[in-house]
Amino acid sequence: MGPWPPGTSFSAVLLRTVVLFLFSLQAFVFATATPSSARFYTIHWNSSNPIFRIDNTDNIIDVNRNNLKFEYDQVNLICPVYTPNTRDDDEMEKYIIYNVSKDEYETCRITNPNPRIIAVCDKPYKLMYFTITFRPFTPQPGGLEFLPGHDYYFISTSTSDDLHRRIGGRCTTHNMKIVFKVWGPPSQPPTAPPQTPPPPRPTWYPVTPPPQRPTPPPVTPPATRATPLTTKKSKAYNKHPNEVVKSEELTLGGGTCWLAPPRIGVIMLATGVAIVLAQWR
Numbered sequence: 003m004g005p006w007p008p009g010t011s012f013s014a015v016l017l018r019t020v021v022l023f024l025f026s027l028q029a030f031v032f033a034t035a036t037p038s039s040a041r042f043y044t045i046h047w048n049s050s051n052p053i054f055r056i057d058n059t060d061n062i063i064d065v066n067r068n069n070l071k072f073e074y075d076q077v078n079l080i081c082p083v084y085t086p087n088t089r090d091d092d093e094m095e096k097y098i099i100y101n102v103s104k105d106e107y108e109t110c111r112i113t114n115p116n117p118r119i120i121a122v123c124d125k126p127y128k129l130m131y132f133t134i135t136f137r138p139f140t141p142q143p144g145g146l147e148f149l150p151g152h153d154y155y156f157i158s159t160s161t162s163d164d165l166h167r168r169i170g171g172r173c174t175t176h177n178m179k180i181v182f183k184v185w186g187p188p189s190q191p192p193t194a195p196p197q198t199p200p201p202p203r204p205t206w207y208p209v210t211p212p213p214q215r216p217t218p219p220p221v222t223p224p225a226t227r228a229t230p231l232t233t234k235k236s237k238a239y240n241k242h243p244n245e246v247v248k249s250e251e252l253t254l255g256g257g258t259c260w261l262a263p264p265r266i267g268v269i270m271l272a273t274g275v276a277i278v279l280a281q282w283r
């Protein structure tokens, strides 16, 4: 027995399955979708738009207020468009929309020789609009960037007979100007990190050996001279050296002959020779 009541047709089962799938898909989308706070504006750039009335401040618009990160408001500037053969040429409005400074905005006088052009509405029979995204960067070279905390001023000074007029025009007669105030703290240019001076190069000093104590000269013990034994003869010799020698000669003469000095031997030899010669005579 299946999940459906008996007698249920195949088409009814298929319809219920599709409805159940759609409800599940819707629940999934609501569960995963992130609410966006970005707003989208549409401004018809013509003199009959009440936003340009001088008795109100509707031409001052805050953008990107309380938006999430990377969410930016957008505005469509729609040029005047007419059905062919319904208006005379001098009755059809044509404009050039400029991005100007605050002073130019207040005086309706464009003094910049190369003003930034936002839109050119010069084809009244063709629907033309220009979309502006209020983001702080632009993917196009030379595009307009809208920085947080800054005001951006748009005006038109054209007249019915002079599209390129830059003084007065419908900016003065019909208050054709608008201000976009980009919400957020003013962005500041990134500050360069403080430059730390390079670490000082190591200074090498010559290695000085520690002071050494002077090596004492080797102590040489004084040579000890043998002290001769002092006898009575030596004392007498020191006092009377000649007399001591004579005394020694006399003393040695009384001993054996081999201890006698050579002088005594010679005398004895001469005496013996003299005795022998005397006997031969």
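With the working numbering applied, the sequence shown closes on residue 283, and no number is skipped along the way. By construction, the Cβ of each residue, glycine as well, lies at the ideal position given by its N, Cα and C atoms. In this text the structure is predicted, and so the values were computed from the model without any measurement.
- A Cβ-Cβ distance of about 4 Å is found for the pair I80 and Y131, placing them in contact under the 8 Å criterion.
- Taking 8 Å as the cut-off, the Cβ atoms of F182 and F136 count as close.
- C123 is bridged by DSSP to Y97.
- Here the alpha carbon of E108 sits roughly 35 Å from the alpha carbon of T88.
- Within the region 52–119, the complete beta strand (DSSP E) runs of at least 3 residues fall at 62–65, 76–80 and 97–102.
- The beta carbons of A40 and Y74 sit closer together than 8 Å.
- Burial check for T159: the Cβ neighbour count within 10 Å reaches 16 or more, so the residue is buried.
- Contact annotation, L165 with I98: C-beta distance approximately 6 Å; criterion of less than 8 Å satisfied.
- Under DSSP, D153 takes part in a beta bridge, and its partners are K183.
- Residue pairing by DSSP puts I45 in a beta bridge opposite L79.
- With a 10 Å radius around the Cβ and a threshold of 16 neighbouring Cβ atoms, I134 comes out buried.
- Of the residues assessed, K96 falls on the buried side of the cut-off, its CB having 16 or more other CB atoms within 10 angstroms.
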